[in-house]
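Input: a single structure, listed below in C-alpha coordinates.
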Amino acid sequence: MKKILALALSAILLVGLLAACAPKEAEKVSTDGSTSMEKLMEILREVYKEETGVEVTYNPTGSGAGIEAVQSGRCDIGLASRDLKPEEEESGLQGTVVAIDGIAVVVNPENPVSDLTVEQIAKLYTGEITNWSEVGGNDAPVVLIGREAASGTRDGFESITGTEDACKYNQELTSTGDVIATVAGNPNAIGYASLSAVDEKIKAISVNGVAPSNETVQNGTYAVQRNFVLVTKADGSLSEAAQKFFEFATSAAADEYILQAGAVPVIR
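Residues 1 to 268 (the numbering used here) are what the sequence shown spells out, left to right.
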(Lines of atoms letter the chains of each structure in order from A and count residues from 1; the text may use other names and numbers.)
(Lines give C-alpha, C1' and ligand atoms only; values in the text may rest on other atoms or scores of the structure.)
Protein backbone atom coordinates (compact mmCIF):
# COMPACT_ATOMS: atom_id res chain seq x y z
CA MET A 1 0.00 0.00 0.00
CA LYS A 2 2.80 2.39 0.93
CA LYS A 3 4.50 1.56 -2.36
CA ILE A 4 1.33 2.38 -4.30
CA LEU A 5 0.95 5.68 -2.44
CA ALA A 6 4.57 6.53 -3.11
CA LEU A 7 4.17 5.82 -6.83
CA ALA A 8 1.00 7.90 -6.95
CA LEU A 9 2.71 10.79 -5.19
CA SER A 10 5.65 10.56 -7.58
CA ALA A 11 3.29 10.65 -10.54
CA ILE A 12 1.54 13.72 -9.19
CA LEU A 13 4.85 15.48 -8.62
CA LEU A 14 6.01 14.58 -12.14
CA VAL A 15 2.84 15.96 -13.70
CA GLY A 16 3.26 19.18 -11.73
CA LEU A 17 6.89 19.47 -12.76
CA LEU A 18 6.05 18.97 -16.43
CA ALA A 19 3.28 21.55 -16.23
CA ALA A 20 5.64 24.04 -14.65
CA CYS A 21 8.27 23.44 -17.33
CA ALA A 22 5.84 23.57 -20.26
CA PRO A 23 6.06 26.77 -22.28
CA LYS A 24 3.24 29.22 -21.68
CA GLU A 25 0.87 29.87 -24.55
CA ALA A 26 2.10 32.92 -26.45
CA GLU A 27 0.17 36.15 -25.87
CA LYS A 28 -1.88 37.31 -28.81
CA VAL A 29 -3.92 40.37 -29.67
CA SER A 30 -6.71 40.09 -32.25
CA THR A 31 -7.77 42.94 -34.54
CA ASP A 32 -10.54 42.94 -37.12
CA GLY A 33 -11.89 45.44 -39.62
CA SER A 34 -10.88 48.05 -42.19
CA THR A 35 -9.12 46.79 -45.32
CA SER A 36 -7.85 50.34 -45.92
CA MET A 37 -5.74 50.07 -42.77
CA GLU A 38 -3.92 46.96 -44.00
CA LYS A 39 -0.57 48.64 -44.73
CA LEU A 40 -0.63 50.50 -41.43
CA MET A 41 -1.46 47.36 -39.50
CA GLU A 42 1.21 45.30 -41.28
CA ILE A 43 3.91 47.72 -40.16
CA LEU A 44 2.61 48.20 -36.61
CA ARG A 45 2.17 44.44 -36.11
CA GLU A 46 5.64 43.64 -37.41
CA VAL A 47 7.37 46.27 -35.30
CA TYR A 48 5.42 45.35 -32.18
CA LYS A 49 6.22 41.66 -32.51
CA GLU A 50 9.92 42.42 -32.99
CA GLU A 51 9.94 44.59 -29.87
CA THR A 52 7.74 42.47 -27.57
CA GLY A 53 7.33 39.02 -29.08
CA VAL A 54 3.54 39.44 -28.94
CA GLU A 55 1.65 38.49 -32.09
CA VAL A 56 -1.10 40.81 -33.26
CA THR A 57 -3.48 39.17 -35.72
CA TYR A 58 -5.34 41.15 -38.39
CA ASN A 59 -8.57 40.06 -40.05
CA PRO A 60 -9.44 42.41 -42.98
CA THR A 61 -13.23 42.21 -42.96
CA GLY A 62 -14.18 45.87 -43.45
CA SER A 63 -14.94 48.68 -41.03
CA GLY A 64 -18.52 47.70 -40.27
CA ALA A 65 -17.61 44.08 -39.60
CA GLY A 66 -14.72 45.13 -37.38
CA ILE A 67 -16.97 47.34 -35.29
CA GLU A 68 -19.46 44.53 -34.90
CA ALA A 69 -16.67 42.10 -33.96
CA VAL A 70 -15.69 44.29 -31.02
CA GLN A 71 -19.30 44.63 -29.95
CA SER A 72 -19.79 40.85 -29.96
CA GLY A 73 -16.43 40.12 -28.33
CA ARG A 74 -14.90 38.30 -31.33
CA CYS A 75 -11.79 40.48 -31.32
CA ASP A 76 -9.84 42.72 -28.96
CA ILE A 77 -9.62 45.83 -31.15
CA GLY A 78 -11.71 46.83 -34.15
CA LEU A 79 -10.36 48.85 -37.07
CA ALA A 80 -12.47 51.45 -38.84
CA SER A 81 -11.55 53.88 -41.60
CA ARG A 82 -14.24 56.27 -40.41
CA ASP A 83 -15.42 57.81 -37.16
CA LEU A 84 -17.97 55.93 -35.10
CA LYS A 85 -21.61 56.85 -35.58
CA PRO A 86 -23.52 58.23 -32.56
CA GLU A 87 -25.55 55.03 -32.26
CA GLU A 88 -22.35 52.97 -32.20
CA GLU A 89 -20.97 55.09 -29.37
CA GLU A 90 -24.28 54.84 -27.54
CA SER A 91 -24.02 51.04 -27.77
CA GLY A 92 -20.93 51.11 -25.57
CA LEU A 93 -18.09 51.53 -28.06
CA GLN A 94 -15.41 54.18 -28.26
CA GLY A 95 -13.16 55.19 -31.15
CA THR A 96 -9.60 56.44 -30.87
CA VAL A 97 -7.97 58.02 -33.93
CA VAL A 98 -4.65 56.28 -34.52
CA ALA A 99 -3.73 58.00 -37.81
CA ILE A 100 -5.20 60.12 -40.60
CA ASP A 101 -5.43 59.03 -44.22
CA GLY A 102 -4.49 62.10 -46.29
CA ILE A 103 -5.02 61.61 -50.02
CA ALA A 104 -3.45 64.03 -52.50
CA VAL A 105 -5.18 64.81 -55.80
CA VAL A 106 -2.41 65.03 -58.38
CA VAL A 107 -1.98 66.35 -61.92
CA ASN A 108 0.87 66.72 -64.39
CA PRO A 109 3.15 69.70 -63.64
CA GLU A 110 2.27 71.15 -67.08
CA ASN A 111 -1.41 71.36 -66.12
CA PRO A 112 -2.28 74.98 -65.19
CA VAL A 113 -5.07 73.87 -62.83
CA SER A 114 -3.88 74.24 -59.24
CA ASP A 115 -7.09 74.18 -57.21
CA LEU A 116 -10.37 72.27 -57.39
CA THR A 117 -13.36 71.91 -55.11
CA VAL A 118 -14.47 68.51 -53.86
CA GLU A 119 -17.55 68.90 -56.04
CA GLN A 120 -15.42 69.55 -59.15
CA ILE A 121 -13.24 66.52 -58.38
CA ALA A 122 -16.35 64.37 -58.09
CA LYS A 123 -17.72 65.69 -61.39
CA LEU A 124 -14.40 65.01 -63.11
CA TYR A 125 -14.26 61.42 -61.89
CA THR A 126 -17.88 60.64 -62.67
CA GLY A 127 -17.59 62.01 -66.20
CA GLU A 128 -19.83 65.05 -65.72
CA ILE A 129 -16.82 67.24 -66.53
CA THR A 130 -14.77 65.84 -69.42
CA ASN A 131 -12.60 68.75 -70.54
CA TRP A 132 -10.02 70.64 -68.52
CA SER A 133 -11.30 73.96 -69.91
CA GLU A 134 -14.43 73.52 -67.76
CA VAL A 135 -12.35 73.97 -64.61
CA GLY A 136 -9.92 76.65 -65.84
CA GLY A 137 -7.45 74.43 -67.63
CA ASN A 138 -6.44 73.81 -71.23
CA ASP A 139 -8.85 72.71 -73.92
CA ALA A 140 -8.01 69.05 -73.54
CA PRO A 141 -9.80 65.85 -72.53
CA VAL A 142 -9.53 64.77 -68.89
CA VAL A 143 -7.75 61.43 -68.42
CA LEU A 144 -8.88 59.79 -65.18
CA ILE A 145 -6.30 57.67 -63.38
CA GLY A 146 -7.17 55.61 -60.31
CA ARG A 147 -6.35 52.50 -58.35
CA GLU A 148 -7.72 48.98 -58.71
CA ALA A 149 -10.99 48.03 -57.04
CA ALA A 150 -9.31 46.41 -54.00
CA SER A 151 -7.22 49.48 -53.17
CA GLY A 152 -7.69 51.15 -49.79
CA THR A 153 -6.61 54.48 -51.29
CA ARG A 154 -9.36 54.17 -53.91
CA ASP A 155 -11.87 53.28 -51.23
CA GLY A 156 -10.86 56.36 -49.27
CA PHE A 157 -10.89 58.70 -52.25
CA GLU A 158 -14.30 57.54 -53.47
CA SER A 159 -15.90 57.60 -50.01
CA ILE A 160 -14.64 61.13 -49.33
CA THR A 161 -15.72 62.50 -52.72
CA GLY A 162 -19.00 60.57 -52.77
CA THR A 163 -18.16 58.77 -56.00
CA GLU A 164 -18.39 55.12 -54.92
CA ASP A 165 -19.07 52.84 -57.90
CA ALA A 166 -19.49 55.88 -60.17
CA CYS A 167 -15.95 56.73 -61.32
CA LYS A 168 -15.24 56.51 -65.06
CA TYR A 169 -11.57 55.56 -64.92
CA ASN A 170 -9.47 55.55 -68.08
CA GLN A 171 -6.88 53.47 -66.25
CA GLU A 172 -7.04 51.48 -63.01
CA LEU A 173 -3.53 50.78 -61.72
CA THR A 174 -2.22 48.42 -59.08
CA SER A 175 0.22 50.67 -57.22
CA THR A 176 0.78 54.24 -56.11
CA GLY A 177 4.02 54.29 -58.09
CA ASP A 178 2.13 53.43 -61.28
CA VAL A 179 -0.36 56.24 -60.65
CA ILE A 180 2.43 58.78 -60.15
CA ALA A 181 4.36 57.59 -63.23
CA THR A 182 1.23 57.69 -65.41
CA VAL A 183 0.20 61.18 -64.29
CA ALA A 184 3.79 62.38 -64.70
CA GLY A 185 3.77 61.14 -68.29
CA ASN A 186 0.43 62.60 -69.39
CA PRO A 187 -0.30 66.38 -69.31
CA ASN A 188 -4.04 65.69 -69.29
CA ALA A 189 -4.11 63.11 -66.49
CA ILE A 190 -5.45 63.44 -62.95
CA GLY A 191 -4.95 60.88 -60.20
CA TYR A 192 -4.79 60.42 -56.44
CA ALA A 193 -2.18 59.02 -54.07
CA SER A 194 -1.24 58.93 -50.42
CA LEU A 195 0.19 62.30 -49.44
CA SER A 196 3.51 60.76 -48.43
CA ALA A 197 4.08 59.45 -51.98
CA VAL A 198 3.90 62.83 -53.73
CA ASP A 199 7.19 63.91 -55.36
CA GLU A 200 8.47 66.47 -57.85
CA LYS A 201 7.32 64.42 -60.86
CA ILE A 202 3.69 65.42 -60.22
CA LYS A 203 1.75 68.38 -58.82
CA ALA A 204 -0.53 68.04 -55.82
CA ILE A 205 -3.37 70.51 -56.22
CA SER A 206 -5.18 72.43 -53.52
CA VAL A 207 -8.70 71.33 -52.64
CA ASN A 208 -11.21 74.01 -51.64
CA GLY A 209 -8.25 76.41 -51.55
CA VAL A 210 -6.18 74.35 -49.10
CA ALA A 211 -2.92 72.69 -50.12
CA PRO A 212 -2.30 69.14 -48.86
CA SER A 213 0.34 68.79 -46.16
CA ASN A 214 0.78 66.94 -42.89
CA GLU A 215 -0.19 70.14 -41.09
CA THR A 216 -3.42 70.76 -43.06
CA VAL A 217 -4.39 67.11 -42.75
CA GLN A 218 -3.75 67.16 -39.00
CA ASN A 219 -5.73 70.35 -38.42
CA GLY A 220 -8.59 69.18 -40.63
CA THR A 221 -8.55 72.02 -43.17
CA TYR A 222 -7.59 69.75 -46.10
CA ALA A 223 -10.78 68.04 -47.24
CA VAL A 224 -9.64 64.78 -48.82
CA GLN A 225 -8.92 62.86 -45.65
CA ARG A 226 -10.47 60.40 -43.22
CA ASN A 227 -9.61 59.01 -39.82
CA PHE A 228 -8.17 55.58 -39.11
CA VAL A 229 -9.78 54.52 -35.85
CA LEU A 230 -9.14 51.87 -33.20
CA VAL A 231 -12.47 50.68 -31.82
CA THR A 232 -12.76 49.32 -28.29
CA LYS A 233 -15.43 48.88 -25.65
CA ALA A 234 -15.96 52.00 -23.60
CA ASP A 235 -15.79 50.06 -20.33
CA GLY A 236 -12.03 49.63 -20.82
CA SER A 237 -12.13 45.84 -20.72
CA LEU A 238 -9.05 45.21 -22.87
CA SER A 239 -6.74 42.38 -21.90
CA GLU A 240 -3.31 43.38 -20.63
CA ALA A 241 -1.71 42.38 -23.95
CA ALA A 242 -4.29 44.28 -26.01
CA GLN A 243 -3.97 47.35 -23.80
CA LYS A 244 -0.19 47.42 -24.28
CA PHE A 245 -0.52 47.20 -28.07
CA PHE A 246 -3.19 49.92 -28.01
CA GLU A 247 -0.86 52.17 -26.01
CA PHE A 248 2.00 51.53 -28.45
CA ALA A 249 -0.13 52.22 -31.55
CA THR A 250 -1.41 55.52 -30.13
CA SER A 251 1.93 56.74 -28.79
CA ALA A 252 4.46 59.11 -30.35
CA ALA A 253 6.74 56.09 -30.79
CA ALA A 254 4.42 54.85 -33.55
CA ASP A 255 4.51 58.09 -35.57
CA GLU A 256 7.46 57.08 -37.75
CA TYR A 257 5.74 53.81 -38.65
CA ILE A 258 2.48 55.62 -39.43
CA LEU A 259 4.41 57.81 -41.88
CA GLN A 260 6.01 54.72 -43.42
CA ALA A 261 2.52 53.39 -44.06
CA GLY A 262 1.62 56.52 -46.02
CA ALA A 263 -0.65 57.96 -43.32
CA VAL A 264 -0.37 61.09 -41.19
CA PRO A 265 0.16 60.96 -37.41
CA VAL A 266 -2.37 62.70 -35.21
CA ILE A 267 -1.48 65.73 -33.10
CA ARG A 268 -0.63 64.43 -29.64
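Here a beta-carbon is modelled for each residue, glycine too, at the ideal position from N, C-alpha and C.
This one's a predicted model, so the numbers in the text were calculated from it and none came from an experiment.
For A149, the closest C-alpha among the options A104, V135, D165, V143 is that of D165.
By the Cβ-count criterion, P86 is exposed, with fewer than 16 other Cβ atoms from all chains shown falling within 10 Å of its own Cβ. When beta bridges are read from the DSSP output, A249 appears opposite no residue. A direct Cα-Cα distance of roughly 38 Å separates N208 from E46. Between I77 and T250, the C-beta spacing is not below 7 Å. A check of alpha carbon separations from Q260 across G33, D32, S159, L44 identifies L44 as the nearest. For E89, the closest of A234, K244, A263 by C-alpha to C-alpha distance is A234. For G33, no alpha helix (DSSP H) segment is defined; the enclosing uninterrupted segment is the beta strand (DSSP E) at 28–33. Distance from the CA atom of V106 to the CA atom of G162, rounded to whole angstroms, is 18 Å. Here S133 has D139, A140 as same chain residues with Cβ atoms under 8 Å from its own Cβ, once five neighbours each way along the sequence are excluded. Within the region 190–253, the runs of alpha helix (DSSP H) that reach at least 4 residues and sit entirely inside it are, in chain order, 214–218, 240–249. For the pair of segments examined, the region 51–65 was found to touch the region 25–35: the number of CB pairs separated by less than 8 Å reaches three. Nearest neighbour of N170 by Cα position, chosen from R147, I160, Y58, A184, turns out to be R147. Looking at the backbone, the Cα of Y58 and that of N131 are separated by about 43 Å. Between A223 and P212, the C-beta gap is not smaller than 7 Å, which leaves the two residues out of contact.
Annotation: the continuous alpha helix (DSSP H) that includes V70 extends over 63–72. Counting of Cβ neighbours within 10 angstroms places T216 among the buried residues, the total reaching 16 or more.
The Cβ-Cβ distance between V179 and A193 falls below 7 Å.
Residue environment analysis places A253 among the exposed positions, since fewer than 16 neighbouring C-beta atoms fall within 10 angstroms of its C-beta. Burial of I258 is indicated by the presence of at least 16 other C-beta atoms within 10 angstroms of its C-beta.
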